[in-house]
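Participant: Take a look at this one; I'll ask things after.
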Amino acid sequence: MGAESEHPFLEPLQTKPPALTSRRRWLLRAAPLTALFALLLATLLPLLHVHTSQAQATLLYEGISPKDPSSVLSVSIVLGGVDTDANELATLIYIDSIPSTVGTTVNGIRKLSTTINLLVDGHAIVLAPETTDLWSPIPLKLRLKSGSVVMFPLDRYSTPLYIAANGASSTNASTHSDNLPVHLSVYQNADFNWRYSVAAARTLGVPFTTRTPPPGLVTVEAHRHPIIFSYIVVLWLGIWVVSGSLLYIASMTMVWGRRPVENPMVYFSGLIAVPIFRNTAPGHPPYGCLFDVTSTYLAFAVILGSMLLASVQSLRPKPSQ
Numbered sequence: 081m082g083a084e085s086e087h088p089f090l091e092p093l094q095t096k097p098p099a100l101t102s103r104r105r106w107l108l109r110a111a112p113l114t115a116l117f118a119l120l121l122a123t124l125l126p127l128l129h130v131h132t133s134q135a136q137a138t139l140l141y142e143g144i145s146p147k148d149p150s151s152v153l154s155v156s157i158v159l160g161g162v163d164t165d166a167n168e169l170a171t172l173i174y175i176d177s178i179p180s181t182v183g184t185t186v187n188g189i190r191k192l193s194t195t196i197n198l199l200v201d202g203h204a205i206v207l208a209p210e211t212t213d214l215w216s217p218i219p220l221k222l223r224l225k226s227g228s229v230v231m232f233p234l235d236r237y238s239t240p241l242y243i244a245a246n247g248a249s250s251t252n253a254s255t256h257s258d259n260l261p262v263h264l265s266v267y268q269n270a271d272f273n274w275r276y277s278v279a280a281a282r283t284l285g286v287p288f289t290t291r292t293p294p295p296g297l298v299t300v301e302a303h304r305h306p307i308i309f310s311y312i313v314v315l316w317l318g319i320w321v322v323s324g325s326l327l328y329i330a331s332m333t334m335v336w337g338r339r340p341v342e343n344p345m346v347y348f349s350g351l352i353a354v355p356i357f358r359n360t361a362p363g364h365p366p367y368g369c370l371f372d373v374t375s376t377y378l379a380f381a382v383i384l385g386s387m388l389l390a391s392v393q394s395l396r397p398k399p400s401q
């Protein structure tokens, strides 16, 4: 008998594994490209959707519509962006319509017959008949009452917004003012850095929680746009990948001794890469914010510790053979 009959049980072990079919090989090669294309769509489609829906100013809040629009002063405020360094909110104020008691509108031309004092969050704006162009927006910066950039990227800001108006009229004997009803509308300008929410003060609970808030008082809140969060997540993961890779190299070389000790300059390159990568964060957050506490500082600790141990290991004399 031949060798085949003496050891038949060895035949299955000697067979070669089947080669990959052309279809399976094509699928394996196309998988990375498919994943990359899916990632592109996952980031591009939300951006295009936000750009389409917010290309123009978006209405966030509108007061109760008056029964007689000709008897109220209609004002629109457009929110334009948050300055975290100055802790301010940029706005533009538009005068949509004026009451018939203080002015007239003829052929689309609005003219004031008396001076209007407009109060917006403690700022006094004087609308005089001789000098005021009612078609031009009025820039105004509101002071944010709460919020801090220390919580970046989870920082939120809010401020109460109060608006009132009175019309000044004078006679030969005295000058007096009459309160004017104000119809307020708040819009959000096309802004891909911030999102805003506006509601009555009682709705948000700030302030006037125990008594009825005065007319014209709303609360404006601002927080980071989700598009900003998408890059922050990539940035956060990138810092952790760099520190995790260097920690793995340090563990394999100096803890388990499975590889020769790397040159300390390998860790020095990571020490340079992390702050450069971190400084690309949008909004110019200060060092020491929540983002740094959860990523940058820990990465520095890992890289510096690994670099110090690698330097000590490289300076030790080699054992004699």
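Under our numbering, think of the first position of the sequence shown as 81, with each following residue one higher. Each residue gets a CB set at the ideal place from its N, CA and C atoms; glycine is no exception.
If you draw a straight line from the alpha carbon of T138 to that of A270, how long is it in whole angstroms?
Facilitator: Distance between the alpha carbons of T138 and A270: 8 Å.
Participant: Given a cut-off of 7 Å on the beta-carbon distance, is the pair P375 and W336 in contact?
Facilitator: Checking the sequence shown, residue 375 turns out to be Ser, not Pro. No, the Cβ-Cβ distance between S375 and W336 is not below 7 Å.
Participant: Write down the C-beta distance between N246 and N259 rounded to the nearest angstrom, noting that I regard them as a contact closer than 8 Å.
Facilitator: N246 to N259, Cβ: 5 Å. Contact.
Participant: Work out the CA separation of V278 and I218 for me, nearest whole Å.
Facilitator: Roughly 20 Å between the two C-alpha positions.
Participant: Answer with buried or exposed for A379, where buried requires no fewer than 16 other C-beta atoms within 10 angstroms of its C-beta.
Facilitator: Answer is buried; the Cβ neighbour count reaches 16.
Participant: Specify the secondary structure class of L222 as computed by DSSP and reduced to three states.
Facilitator: DSSP places L222 in strand when its eight states are reduced to three.
Participant: Using the Cα positions of T195 and V298, report the straight-line distance between them to the nearest angstrom.
Facilitator: Roughly 25 Å separates the two Cα atoms.
Participant: If you draw a straight line from the alpha carbon of L220 to that of Y237, how long is it in whole angstroms?
Facilitator: Using only the alpha carbons, I get a separation of about 17 Å.
Participant: Where does D148 land, buried or exposed, given buried means 16+ other C-beta within 10 angstroms?
Facilitator: The residue in question, D148, is exposed, as its Cβ has fewer than 16 Cβ neighbours within 10 Å.
Participant: For the beta strand (DSSP E) containing G318, name the first residue and the last one.
Facilitator: First-last for G318: P306 to A330, but that is the alpha helix (DSSP H), not the beta strand (DSSP E).
Participant: Just tell me which of L234, G318 and L172 has its CA closest to the CA of V158.
Facilitator: Answer by Cα proximity: L172.
Participant: Under 6 Å: does the beta carbon of H303 sit that close to some heavy atom of the ligand ZN?
Facilitator: Here there are no bound small molecules, and the ligand ZN is not part of this structure.
Participant: Using three-state DSSP, classify Y367 as helix, strand or coil.
Facilitator: In this structure, Y367 counts as coil in the three-state DSSP scheme.
Participant: May I ask you to report which of helix, strand or coil DSSP gives V152?
Facilitator: The answer is coil: DSSP assigns V152 none of H, G, I, E or B.
Participant: I believe L113 touches Y267 by the beta-carbon criterion, under 8 Å. Please report the beta-carbon distance rounded to the nearest angstrom.
Facilitator: So it is not a contact: roughly 43 Å between Cβ atoms.
Participant: State buried or exposed for T239, treating a residue as buried only when at least 16 other CB atoms are found within 10 Å of its CB.
Facilitator: Buried, because 16 or more other Cβ atoms sit within 10 Å of the Cβ of T239.
Participant: Are G350 and L326 touching if we call contact CB-CB under 7 Å?
Facilitator: Yes.
Participant: Going by the beta-carbon positions, is the gap between H43 and V152 smaller than 7 Å?
Facilitator: Lying outside 81 to 401, the shown extent of the chain, residue 43 is not represented and no answer is given.
Participant: Within its chain, find whatever has a CB closer than 8 Å to the CB of F357; leave out the 5 residues flanking it on each side and keep chain order.
Facilitator: Closer than 8 Å at Cβ, skipping near neighbours: L315, G318, I319 and V322.
Participant: Under the three-state reduction of DSSP, which class applies to A166: helix, strand or coil?
Facilitator: Note: A166 maps to coil in three-state DSSP.
Participant: So the candidates are S177, A115 and A170; which of them puts its Cα closest to the Cα of D213?
Facilitator: Checked all of S177, A115 and A170; the closest Cα to D213 is S177.
Participant: Nearest CA to the CA of D201: which residue from L224, I189 and G183?
Facilitator: Nearest of L224, I189 and G183 to D201, Cα basis: L224.
Participant: Could you please give the first and the last residue of the uninterrupted alpha helix (DSSP H) stretch that includes R275?
Facilitator: Segment W274 to A280 is the beta strand (DSSP E) holding R275; no alpha helix (DSSP H) there.
Participant: Nearest CA to the CA of Y276: which residue from V313, A244 and D235?
Facilitator: Measuring from the Cα of Y276, the nearest candidate turns out to be D235.
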